Amino acid sequence: MSIIRDIKIIGLETVLPESLAYGMARGLTSRRGACLVMVETEDGVTGIGEAWGPSKISAAYLDLVRPYFLGQSLYSQRGVQHMILSKHYHFGTQNQLIALFSGIDIAAHDAIGKLLGLSVCDLIGGRQKTHVPVYASGGYFTLEEDQQAALAKQLEPHANSGFTAFKIKIGRSPDEDVQRVKLARQIIGEKPILTVDSNGNYTVDQALDSMRKIAPYNIGWYEEPLAPQDWRGYAELKQKAPIPLATGEALYETFDFRRLVEDRLVDVVQPDLSLSGGLSVARFVGELCSSAHLRVSPHVWGGPIGLAAAAHWVASLPCYPHSQNDPTPTLVEYDIGKNPMRECLLRTPLTVVNGLLAVPTGPGLGVEIDFEAMAQFRIN
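Residues in the sequence shown are numbered from -11 upward in steps of one, following the numbering used here.
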């Protein structure tokens, strides 16, 4: 039995010039962060995970919960999490504590894989795919005065690079949404999947207005049309939407996803493994969605460890109910925004060729941190 000896956090951040800030309808940022979580075992094996959000807040939560994990079996870390959630129920389940648990859970799976000589996807369901399809996630808002030109500048370098699916940001106004979608279609063509994301910046009536205006452009899904916990709004929107709905990146733990799926509020469920609870929650979401015949697509907007975890999860998913003919393969988000950490943190970066990401085959997550290169991003 492998025992947890210690858990540590490494905070990382890259800062762009303010003039290069980019983002979504709710605002822009010039900072990209990541929080690495290291689970050390008495066997001398260290697993690496990623927790979304501010590392200092994760570190404060870790000071509280670390004693519960130390001396416990690596294999029982999910049970330790449940005990903490039960004992400290006043903290709730929609906060940075769950993001920390996500990092611990991913790191624990990485460590178990290393101990057993198995890749994570084999641990959680078996490697069903050697490569997973991704979508180019970009088309951000920027500080530039001409937003159409800025959008074109982001999409054009990737239009002929093999991506079969794209996502762009919308959500500042329905009329602007039409112009952005129209331009995106002109650049990427009619064949690739085009999805849009308003980051919850609309109310039901505004979202419907936007959807009806952009529906002629063959939109694959409309992501986060409403605020994350607007359950009644999603129920109303689902009955009227002319475009498939997607959401989930800002939902936490099994409780949020159970409500989303049981009430059939969307068509595509999008857990972020570095925020929602790690691979354990992702497995629950996968089974829940499969039983409800809903699609999934993991949200990824952080460092490469979260991307690796998402790739392993998707690689482990069964093809039910499609058998050998899946009309819409499960896509992993691949951020194409400026983020030096994406390329520099790993000794062998995760790269996309012709729209496909090779799922690492080594033990655990199958990736190795370049600690020397990491030093330039370290903040604690």
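Positions of the beta carbon are idealized from the N, C-alpha and C atoms, including for glycine. Source: prediction; values computed, not measured.
Burial state of residue i, where buried means 16 or more other Cβ atoms lie within 10 Å
i, result
"G258", "Here residue 258 turns out to be Gln, not Gly, going by the sequence shown. Q258 comes out buried."
"K102", "buried"
"F154", "buried"
"M402", "It is not possible to answer for residue 402, since the shown part of the chain is limited to -11 through 368."
"A15", "One detail in the question is off: residue 15 reads as Gly in this sequence, not Ala. With fewer than 16 other Cβ atoms within 10 Å, it is exposed."
"G32", "exposed"
"R372", "Since the displayed the chain opens at -11 and closes at 368, residue 372 lies outside it and no answer follows."
"Q174", "exposed"
"F129", "buried"
"A137", "exposed"
"I100", "buried"
"L248", "buried"
"T183", "buried"
"H97", "buried"
"G114", "exposed"
"F243", "exposed"
"G274", "buried"
"R246", "exposed"
"S46", "buried"
"D358", "exposed"
"D193", "exposed"
"A13", "buried"
Contact belief for residue i with residue j at Cβ below 8 Å, rounded distance in angstroms
i, j, result
"Y210", "P180", "Their Cβ separation, rounded to whole angstroms, is 17 Å, which puts Y210 and P180 out of contact at 8 Å."
"I86", "E241", "6 Å"
"C109", "H300", "4 Å"
"Y123", "E321", "6 Å"
"L139", "R168", "6 Å"
"A172", "G127", "6 Å"
"S43", "I(-3)", "6 Å"
"K117", "A303", "5 Å"
"L338", "A298", "So it is not a contact: roughly 10 Å between Cβ atoms."
"I156", "R271", "About 30 Å separates the two Cβ atoms, so there is no contact after all."
"G41", "N368", "Not a contact, Cβ separation roughly 14 Å."
Same chain, Cβ closer than 7 Å to residue i, five either side skipped, listed in chain order
i, result
"R66", "D93, S268"
"G188", "E212, L214, A215, P216"
"P317", "P121"
"F79", "L85"
Own chain, CB closer than 8 Å to residue i, minus 5 neighbours either side, in chain order
i, result
"Q364", "C332"
"S311", "none"
"K201", "P162, D163, D165, V166"
Residue from the options with nearest C-alpha to residue i
i, options, result
"L52", "I36, W40, Q69", "Q69"
"E360", "R335, E164, D193", "R335"
"T191", "Q167, D185, D218, E178", "D218"
"C307", "H281, R330, P328, A298", "H281"
"L319", "V284, G105, A195", "V284"
"K75", "P292, N83, Y56", "Y56"
"L4", "G236, P145, R19, I(-8)", "R19"
"L88", "A238, S264, Q167", "S264"
"T235", "E144, D185, S149, P162", "D185"
"G11", "K228, A195, G325", "G325"
"D251", "L276, R168, P204, L345", "L276"
"S198", "K170, S7, R246", "K170"
"S61", "L196, I(-8), D134", "I(-8)"
"L50", "G208, P351, H146, V27", "V27"
"P204", "E224, P230, A195", "P230"
"E30", "K226, L58, I207", "L58"
"T8", "Q116, L131, L111", "The residue asked about is misnamed: residue 8 is Leu in this sequence, not Thr. It is L131 whose Cα lies nearest to the Cα of L8."
"H119", "I(-3), V340, L253, P351", "V340"
"Q84", "Y77, G114, A48, Q116", "A48"
"D314", "K141, P121, A223, T81", "P121"
"R366", "A346, P328, P337, G350", "P328"
"I158", "S125, P145, E178, C23", "S125"
"V254", "T17, I156, T34, G208", "G208"
"D323", "Y63, F79, L143, A223", "L143"
Cβ shell of residue i (< 6 Å), same chain only, five flanking positions each side left out
i, result
"G354", "S107, P348"
"G386", "What the structure shows of the chain is the stretch from -11 to 368, and residue 386 is not part of that stretch, so it cannot be assessed."
"G21", "E1"
"E237", "Q258, D260, H287"
"G150", "N342, G343"
"A147", "I175, I176"
"G105", "P351"
"G266", "S90, D93, I94"
Contiguous beta strand (DSSP E) assignments of at least 3 residues, all confined to the region 154 to 198 | 181 to 185
Within the region 301 to 350, note down every full alpha helix (DSSP H) run reaching 4 residues or more, in order along the chain.
-> 328 to 332
Secondary structure, alpha helix (DSSP H): runs of 4+ residues fully inside the region 9 to 90 | 43 to 57, 65 to 75
Every unbroken beta strand (DSSP E) within the region 189 to 272, with a cutoff of 3 residues, ordered by chain = 207 to 211, 233 to 235
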